[in-house]
Amino acid sequence: MIVWKEEYRVGIESIDEQHKKLLEIADRVVKLLQDELITDKYDKIVALLEELKEYTVYHFTFEEAYMKSIGYSKLLSHKVAHDDFIEKISNIDLNKIDDDQDGYLLSLLDFVADWIGNHIMKTDKKYAGLEPED
Numbered sequence: 731m732i733v734w735k736e737e738y739r740v741g742i743e744s745i746d747e748q749h750k751k752l753l754e755i756a757d758r759v760v761k762l763l764q765d766e767l768i769t770d771k772y773d774k775i776v777a778l779l780e781e782l783k784e785y786t787v788y789h790f791t792f793e794e795a796y797m798k799s800i801g802y803s804k805l806l807s808h809k810v811a812h813d814d815f816i817e818k819i820s821n822i823d824l825n826k827i828d829d830d831q832d833g834y835l836l837s838l839l840d841f842v843a844d845w846i847g848n849h850i851m852k853t854d855k856k857y858a859g860l861e862p863e864d
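Have a look at this one:
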């Protein structure tokens, strides 16, 4: 189960809500993985991936606009990290999903959960003033 933790809070309500939504999508991936009643998860996996990509693009666009509005000096490097994530999600090999649905979901889940947690804790907290700049 993937859940929101108070330690993820950056103190900007709209961004915290968006982070919660990203975690909620990731949690739905966990639930799909655990659902033994669904034998062919392909269409549901593809739908979740598309939702994740679309919502992530929305969130990153919002977050980057916020950083620009406050004159955040590391906006460009932050944007590069965002772009790398979008590229990884956009380049998912749908054939691999069909070959090993549960295994692929596990690897995707590990990537997404790790990235979101690390990105919030190590990168987003900097523009929110909760962590020192490098």
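Counting from 731, one number per residue, gives the positions in the sequence shown under my numbering. From the three backbone atoms N, C-alpha and C, an ideal C-beta is built for every residue, glycine too. Source: prediction; values computed, not measured.
- For Asn821, there is no enclosing alpha helix (DSSP H), as DSSP gives it neither H nor E.
- Under the DSSP assignment, Glu754 falls in the alpha helix (DSSP H) whose first and last residues are 743–764.
- Collapsing the DSSP output to three states places Ala811 in a helix.
- Sequence-distant partners of Asp832 (beyond 5 residues in either direction) whose C-beta falls short of 7 Å from its own C-beta, in its chain, are Leu763.
- With contacts defined by Cβ atoms closer than 8 Å, Leu839 and Val760 form a contacting pair.
- Taking 8 Å as the cut-off, the Cβ atoms of Lys751 and Tyr772 do not count as close.
- In summary, Met797 is buried, with 16 or more beta-carbon neighbours lying within 10 Å of its beta-carbon over all protein chains present.
- Pairing Glu793 with Ile755 gives a Cβ-Cβ distance that is not under 8 Å.
- Per the Cβ contact rule, the segment 733–753 is in contact with the segment 845–860 (3 or more Cβ pairs under 8 Å).
- The beta carbon of Asp854 sits closer than 6 Å to those of Val740, all from its chain and outside the five residues before and after it, given in chain order.
- The C-beta distance from Lys783 to Ile819 rounds to 5 Å, short enough to meet the 8 Å contact threshold.
- The beta carbon of Trp845 sits closer than 8 Å to the beta carbons of Phe815 from its chain, once the five residues preceding and following it are set aside; these are given in chain order.
- Following the DSSP letters along the chain, one finds Lys798 inside the alpha helix (DSSP H) bounded by residues 772–799.
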